Amino acid sequence: MRKALFALLAVALFASVACAAEPDMSRIRLPPGFAVELLARVPNARQMALGDSTLFVGTRSKGDVYALELKDGGKRAGRLYTLATGLEMPSGVAVRNGALYVAEVSHILRFDDIEKRLADPPEPVVLPARFPEDEHHGWKFIAFGPDGKLYVPVGAPCNICDAGDPYASILRLNPDGSDLEIFARGIRNTVGFDWQPGTDVLWFTDNGRDWLGDERPPDELNRAERPGLHFGYPYCHGGTIADPEFGREHPCADYVPPVRNLGPHVAALGMAFYRGDGFGAEYKGDIIIAEHGSWNRTAPIGYRIMRVSLKNPGVPTYEVFAEGWLSGRTAWGRPVDVLEMPDGALLVSDDLSGAVYRISRRP
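Quick note: the sequence shown uses numbering that gives the first Met the number 0, first residue 0, plus one each step.
This is the structure:
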C-alpha cells in the first residue's frame, strides 16, 4: 500500500514540476533594493565551490562535474567545462590548496592543480576512506572545516530506521583520506553546513522524516558545539516529536534539540553564514538557507531561499529572502545551494532549471 502511495505521489510530483527551460527571472521576488540575474546554465547544478577564478559545480542525476570560468570578479560567466562524467551522484564539491574534492556515494575523488587543467583534467586520486554504497540519501555535501578536516555526511539509508554507525551522521577525515571518524550522530540527511564566523562552531540543516503528515515533523537547523553529540534521529524529531516506531524508549530530552525548526518537508539543503558587507550590516552573520521544496506534501512548500537571523536573543527569526520558483502547485526551479562571493553577491544553484543565479544589492 505504501509503495503504491509513493508511486502516486511521485507521479503527482513530476506532473507539478516544469521541465527544464529558460528560467523566468521576472518571477523571482527579493527584498527591496536587491537584484537577481542568471549567471549561467549548468545542468542539474547542485553544490558549488569557489576556486581562484572558477566555480565548481557538482550534480546528482547527471553524474557530471563542471567548472565555470568566472570573469569580472564573478559578475560574468565564461566557458563551462565538463571535468568528469559518468560518476555516481557527484553532488558534493570542495576546494583546498588548488585541488578539487568530489564526493561520490562511496568515496571521495581529488583532482590536483585543477584550475591549471580545466580543458584537460588529470586523473583523480581516490582517497582511501570508504563510505556505504546505499543510494538512498547517499549523495553528499562536503566542506572543509576550520580544523582543516573534510566533513562528509552519511545519510540514513531509509525514511526511518535505526541502521547504526556510520549512517545518519557527519564524519570527518584528513585531506589525504586518513583518520576517518564520526563527528556527530542522529542526523537523518544533511545536505548543507557551515561554521559560524568567530566561533568555528558547525551549524547544519537536516531533513525531517516522511509519512507523519503534512505539518510534521519540521526540517531542522542544528548547531554542533563539540564532537560526539547526538541530534535525535530516528528517535526524536524537531526536538519534541517522539517517533511512533523508534521513540518509545528514547525520550527527546536525551538529544540535542534544533536551534530552530524550519518548515515541514521544505527540504532545507545548502546553508551559509553571510560574512560580507554587500547586503548591508543587517544581514551580516545571518544564515541563508536554500529550500529545495517538498515532494510529498498536499500543498507544496519550500522552493525558496530563507534567511535566519541570530541577532535577537531567544528564538532566531526565520523569513523568506527570495521566492518565486513555485507558482501554485507548479515549480519551475528548485534551489539547492548558496555560496557567497568575495564581492558580497550570493550565488544560488538550481538543479531543476539547470542554472546558477547571482543575487546582489544595488548601490
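From the three backbone atoms N, C-alpha and C, an ideal C-beta is built for every residue, glycine too.
Computed from a predicted structure; not experimentally measured.
I want to check one thing, is the minimum distance from the CB of residue i to the heavy atoms of the ligand MG below 7 Å?
i: C157; result: Ligands displayed in this structure: none; no statement on the ligand MG is therefore possible.
Taking the alpha-carbon positions, what's the residue i to residue j distance?
i: R360; j: A44; result: 23 Å
i: Y65; j: A48; result: 11 Å
i: I358; j: D342; result: 11 Å
i: P145; j: I181; result: 17 Å
i: T58; j: E339; result: 19 Å
i: G313; j: R259; result: 10 Å
i: H249; j: V56; result: 40 Å
i: A6; j: T297; result: Bear in mind that a pLDDT of 35 at A6, under 50, signals an unreliable position, so the model cannot answer this.
i: A93; j: K61; result: 18 Å
i: G262; j: N96; result: 37 Å
i: I159; j: R222; result: 22 Å
i: A344; j: A34; result: 10 Å
i: S168; j: I107; result: 17 Å
i: L69; j: Y150; result: 26 Å
i: P256; j: G73; result: 38 Å
i: I113; j: A321; result: 33 Å
i: S15; j: W294; result: Low local confidence applies: a pLDDT of 43 at S15 is under 50, so the model's placement there is unreliable, and no value is given.
i: L351; j: D276; result: 30 Å
i: D164; j: E214; result: 29 Å
i: L29; j: K139; result: 29 Å
i: L179; j: E318; result: 37 Å
i: A9; j: R247; result: At A9 the pLDDT is 39, less than 50, meaning the model places this residue with poor confidence and gives no usable figure here.
i: L117; j: Y100; result: 14 Å
i: R306; j: K115; result: 36 Å
i: V337; j: R109; result: 22 Å
i: A183; j: L309; result: 23 Å
i: D193; j: A102; result: 17 Å
i: L325; j: G227; result: 38 Å
i: D349; j: H264; result: 18 Å
i: P216; j: P131; result: 26 Å
i: N311; j: D285; result: 11 Å
i: I141; j: G212; result: 31 Å
i: R75; j: G292; result: 28 Å
With H, G and I counted as helix, E and B as strand and the rest as coil, what does DSSP make of residue i?
i: G207; result: coil
i: D218; result: strand
i: G163; result: coil
i: G77; result: strand
i: R171; result: strand
i: C251; result: helix
i: I113; result: helix
i: M24; result: helix
i: E224; result: coil
i: A118; result: coil
i: Y232; result: coil
i: Y273; result: coil
i: E134; result: coil
i: A66; result: strand
i: A289; result: strand
i: A298; result: coil
i: L12; result: Because the pLDDT of L12 is 43, which lies under 50, any placement of that residue in the model is unreliable, and the number read from its coordinates should be weighed accordingly. Helix, per DSSP.
i: A266; result: coil
i: P362; result: coil
i: L82; result: strand
With a cut-off of 8 Å on the beta carbons, I'd call residue i and residue j a contact; round off their distance for me.
i: A354; j: L37; result: 6 Å
i: D63; j: A83; result: 7 Å
i: V41; j: L79; result: 7 Å
i: G323; j: R26; result: 4 Å
i: A267; j: N206; result: 7 Å
Opposite residue i in the DSSP bridges: which residues?
i: G91; result: A102
i: N260; result: E219
i: A321; result: I304
i: M47; result: V56
i: D71; result: Answer by DSSP bridge pairing: none, since D71 is not bridged.
i: D193; result: W202
i: P152; result: I169
i: A241; result: C235
i: L338; result: L346
i: L37; result: Y356
i: L108; result: V101 and V125
i: I181; result: L170
i: T329; result: S326
i: T316; result: S308
i: F419; result: This structure cannot settle anything about residue 419, because the visible part of the chain is limited to 0 through 362.
i: A280; result: For A280, which the question treats as bridged, DSSP gives no partner whatsoever.
Quick check: the region 314-333 against the region 85-93, are there 3 or more CB pairs under 8 Å?
no
With three or more beta-carbon pairs closer than 8 Å as the criterion, would you say the region 152-172 touches the region 108-125?
no
Could you tell me whether the region 234-246 touches the region 298-308, where touching means 3 or more Cβ pairs closer than 8 Å?
no
Okay, do the region 170-189 and the region 127-138 touch, 3+ Cβ pairs below 8 Å being the bar?
yes
Three or more C-beta pairs under 8 Å: does that hold for the region 239-246 against the region 194-201?
no
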